[in-house]
Amino acid sequence: MDNVLVLRYSEIHLKGKNRAFFENLLKKNILEKLEGLECRAEFTYGRYVICDYAPEIERVIAERLKKVFGLFSLSRAKRVISSADEIFEASKEVAPKSGSFRVTVNRADKTLPYTSVWLAREIGGRLLGYNHTLEVDLHNPDSIIYIDVRDRQTAYVYSGYEYCAGGMPVGSAGRGLTLLSGGIDSPVSTYMMAKRGLKLVALHFWSYPYTSIEARDKVVDLARILSDYTGKMQVLVVPFTKIQEAIHKFAESNYMITLVRRAMMRITEKVADKYHCQCIINGEDLGQVASQTMESITVTNSVIERLPVFRPLIGFDKIDIIELSKKIGTYDVSIKPFEDCCTVFLPDSPVTKPTIRRAEFNESKIEGYDELIDEAVNNLEVFIVPER
Amino acid sequence: MIYLDNAATTKALDVAIESLVTYAGEKFYNPSAGYAPALEVKKALALATEEFAQLLGAVKEEIIFTSCATESNNTAFECGIKNKKGNVVVSSMEHASVYESAMKLKSRGVDVRFIPLNKDGFVTEEALREVMDANTAFVSIIHASNETGEINDIATLSEVAKSINPKVIFHSDGVQAFCKIPIDLGLTKVDLYSVSAHKVGGLKGVGALYVKKGLNIQPFIVGGGQQNNRRSGTENVGGIIGFAKAACEYRESAKRIDANGLRNRIISKFSGKDWVKVNGSGNNTGYVLSLSFKGLKGEVIANMAQEQGVLIGLGSACSTHVKSNRVLEAMGVDKSFANGSIRISISPFTREDEIQIATDIILNSAEKLKEKING
């Protein structure tokens, strides 16, 4: 009797001819996730099984796999030869100590000399004889013992499911450039788009010395947490100080934030090209702050020339974003109080309804604007997470 | 790099590192064991404790070694309060480990009172009298401020406290005063006094609590009954012996320098500027200088200085993650200044030329930033 983990994938089974593409990516992501752990993965049609590991690392393996997008659920199972005796031995191990139960059998191997119904009744009966405090309840049992009889005379016996992250395998939808500020929202938008299969590169604007080294490290820390889901990720840190100083010097103060965000978007599109990303992702949430009003988003978005900008949080309430960030595990890092954007030049009353004309007028006053944008793109620093 | 954040921590002195190596390696024995090599370790520990006690004007029976000054302060608050029904009085310039201990008592329903500061940032006799009464069970007043270096006259303040209630327990956090200014606890009415090793050239992970002879306090950490059952846990032998040796060396070096003279020389560079404020009156250890720059951010100045090889603090390193500065606020420093605060802190081993260079860099950074902000 072996301890194994049985894995099930999510939406991929809906795919038709290109299913192999999705499956291959998922397998690759699973193997990458299990790197450094002594275990073996078996990929058969519709069933992935992790086996040959020491019992003490089962939890570590399970926890890692729960963060692989594309997996729907996993079960900690016993693998035995598909004889009634062996299956009964395994069932004893996974059965509850007391209460009601039922046995559910799925028999894929039709060559066996018994039917599903016979096996369920047989195992159920033997369990009742083995433990008198158990009782059978087919309709509303406290626990269910699943027996999955596969080909090559192998059966998996387990008593429940643990949900995984769901979604689509990372990489299956292409590449995206995600803006990571260090706040609560952007890690959540990153997570959401990785879940839909995007392979992500993260971009952070750093205004040293107005923001600290800790602020930059915080973003790298967030990326490290996200990389549990996204796989290896590049974090690009753009030196943003000079542009901010120039905007502060030349532009109207209430347009500071608008112009800063327009500059960010311009840089982002250029960096996306350089890093072969097909879309931009940000954490904007309609109406949350002055820079996220309809008018502000319009003015900011207007500098983007080609790429789609995804805003997965646009319709979320802040409280829902916070909830999700706690679930992902980024919340505690996000709330560390390092400045995540330059607050040194923050105007007292930023404009909430900016216009493109006024923004362009202000930009025209900034000396060497295009050169500053190019300089920022060319001088970005690359971090890779996780470092191992 | 020029390091001017010695109030956060100091570089360990060679004697401290050597002690660690000796008592972790060759003489690794548990001082509670009965065999000869262990007894030797025990003897060395006792000798070091005696030397250490002298630095405080204490005797060795009055010293409990802890894992840090935070533990010492926690011990004082958890175990030093005899009259559980009495009120507790603390100053408004305490380190987070005292402040949070007091807040914990408050959340348990204890009447906790804060002594306001005068504008120079220290506790006056009158202010203490105002807040204390005959039912005060415990008073805690920091000896020298970790934010400003300002000294409280704990000898007088403890006298005053005992005159109001002879049974009051008087605690002082001495971390920033120890080895920097003369201390003779035996001559004062201070009951409990906390110190830390890594602020005076010792290692991190070692602290001590002075407990006046005759005062019995329950142990904060129980177990095998080490240190006469006052603080259990196998002694950090190398750390403690290193602490004693480093503190002696630090104290001797401190006697040889004129810290206030050095501090005044830094101040003179900033004088005459209405946008720079020195926090404190001048009754200072000389080792800490708190400056506030109007309309600027301390963090940005510190970052700019770092770019040029100068490391300074923003206030207590244990609380830089808290947005406002509690102590400067209590001193009445205007918010427009308080946000622009930096802390420069030296050690007896800081060279004069380092101070000179660093001061120029800090001033230059602040001026440059001011120019950029004002456009």
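Top line first, the protein sequences correspond to chains F and Y. Numbered by our numbering, the letters in the first sequence go through residues 9 to 396 in order. Numbered by our numbering, the letters in the second sequence go through residues 2 to 376 in order. Backbone N, C-alpha and C fix where the C-beta goes; we use that ideal spot for every residue, glycine too. Keep in mind the model is a prediction, meaning the values are calculated, not measured.
Could you check what DSSP says for residue i in three-state terms: helix, strand or coil?
i, result
"G299 (chain Y)", "helix"
"E52 (chain F)", "According to the sequence provided, residue 52 (chain F) is Thr. The question's Glu does not apply to it. T52 (chain F) falls in the strand class under three-state DSSP."
"N285 (chain Y)", "strand"
"Y164 (chain F)", "strand"
"L294 (chain F)", "coil"
"S197 (chain Y)", "strand"
"G215 (chain Y)", "coil"
"Y251 (chain Y)", "helix"
"F271 (chain Y)", "helix"
"A59 (chain Y)", "coil"
"H322 (chain Y)", "Because the pLDDT at H322 (chain Y) is just 49, under 50, the model does not fix this residue reliably, and the value given afterwards should be weighed accordingly. Here H322 (chain Y) sits in coil by DSSP."
"S169 (chain F)", "It should be pointed out that residue 169 (chain F) corresponds to Tyr in this sequence rather than to Ser. Of the three classes helix, strand and coil, the one that applies to Y169 (chain F) here is coil, per DSSP."
"C80 (chain Y)", "helix"
"R109 (chain Y)", "coil"
"R352 (chain Y)", "coil"
"V334 (chain Y)", "coil"
"R232 (chain Y)", "coil"
"Y377 (chain F)", "helix"
"F30 (chain F)", "helix"
"S194 (chain F)", "helix"
Would you check whether the ligand ZN has a heavy atom nearer than 7 Å to the C-beta of residue i?
i, result
"V140 (chain Y)", "Summarising the ligand content, the structure contains no ligands, and the ligand ZN is consequently not present."
Quick check: the Cα distance between residue i and residue j, rounded to an integer number of angstroms?
i, j, result
"D335 (chain Y)", "K105 (chain Y)", "28 Å"
"G191 (chain F)", "D236 (chain F)", "19 Å"
"S317 (chain Y)", "H144 (chain Y)", "With a pLDDT of only 49 at S317 (chain Y), under 50, the local geometry of the prediction cannot be trusted, and the value read off the model is given with reservation. Answer to the nearest angstrom: the Cα atoms are 15 Å apart."
"C319 (chain Y)", "N370 (chain F)", "Low local confidence applies: a pLDDT of 43 at C319 (chain Y) is under 50, so the model's placement there is unreliable, with the coordinate-based value given in what follows. Computed Cα separation, rounded: 43 Å."
"I131 (chain F)", "S106 (chain F)", "16 Å"
"L364 (chain Y)", "L42 (chain F)", "53 Å"
"E50 (chain F)", "L135 (chain F)", "30 Å"
"D382 (chain F)", "I265 (chain F)", "20 Å"
"H172 (chain Y)", "A162 (chain Y)", "11 Å"
"G234 (chain Y)", "T276 (chain F)", "56 Å"
"K190 (chain Y)", "Y211 (chain Y)", "12 Å"
"I155 (chain F)", "I69 (chain F)", "22 Å"
"K361 (chain F)", "K373 (chain Y)", "27 Å"
"A202 (chain F)", "E303 (chain F)", "28 Å"
"H140 (chain F)", "S151 (chain F)", "16 Å"
"I82 (chain Y)", "A198 (chain Y)", "25 Å"
"E379 (chain F)", "E395 (chain F)", "33 Å"
"I184 (chain Y)", "I142 (chain Y)", "15 Å"
"Y377 (chain F)", "L21 (chain Y)", "57 Å"
"V277 (chain Y)", "L48 (chain Y)", "48 Å"
"T321 (chain Y)", "L315 (chain Y)", "With a pLDDT of 48 at T321 (chain Y), under the threshold of 50, the modelled position of this residue cannot be trusted; read the value that follows with caution. Going by the C-alpha atoms only, they are around 7 Å apart."
"Q309 (chain Y)", "S180 (chain F)", "46 Å"
"V227 (chain F)", "S293 (chain Y)", "29 Å"
"I89 (chain F)", "V113 (chain F)", "15 Å"
"T249 (chain F)", "A248 (chain Y)", "44 Å"
On the DSSP bridge list, what partners appear for residue i?
i, result
"H212 (chain F)", "F:V245"
"N365 (chain Y)", "According to DSSP, which records beta bridges pairwise, N365 (chain Y) is partnered with nothing at all."
"N88 (chain Y)", "Y:T137"
"R84 (chain F)", "F:L13"
"L206 (chain F)", "F:G182"
"S346 (chain Y)", "Y:D6, Y:V289"
"A209 (chain Y)", "Y:F66, Y:V196"
"A223 (chain F)", "Partner(s): none; A223 (chain F) has no beta bridge."
"D156 (chain F)", "F:N114, F:Y164"
"V279 (chain Y)", "Y:L292"
"V390 (chain F)", "F:L244"
"V144 (chain F)", "F:F109"
"L312 (chain Y)", "Y:Y4"
"A145 (chain Y)", "Y:I152"
"C47 (chain F)", "According to DSSP, which records beta bridges pairwise, C47 (chain F) is partnered with nothing at all."
In chain Y, which residues lie with their C-beta within 8 Å of the C-beta of residue i?
i, result
"E253 (chain F)", "K373"
Give the residues of chain Y in contact with residue i, contact being defined as C-beta atoms less than 7 Å apart.
i, result
"P217 (chain F)", "V301, N304, M305, E308"
"S220 (chain F)", "E300, N304"
| said: In chain order, what are the residue ranges of uninterrupted beta strand (DSSP E) at least 3 long that sit wholly in the region 162–186 of chain Y? | reply: 170–174
| request: Note down, one range per segment and in chain order, each beta strand (DSSP E) of at least 3 residues found wholly within the region 86–121 of chain F. | output: 107–115
| Can you give, in chain order, each stretch of the alpha helix (DSSP H) that sits fully within the region 299–362 of chain F and has at least 4 residues? | 302–309, 326–336, 339–342
| request: Just list the alpha helix (DSSP H) runs in the region 251–284 of chain F, keeping only unbroken ones of 4 residues or longer that don't cross its boundaries, in chain order. | output: 264–282
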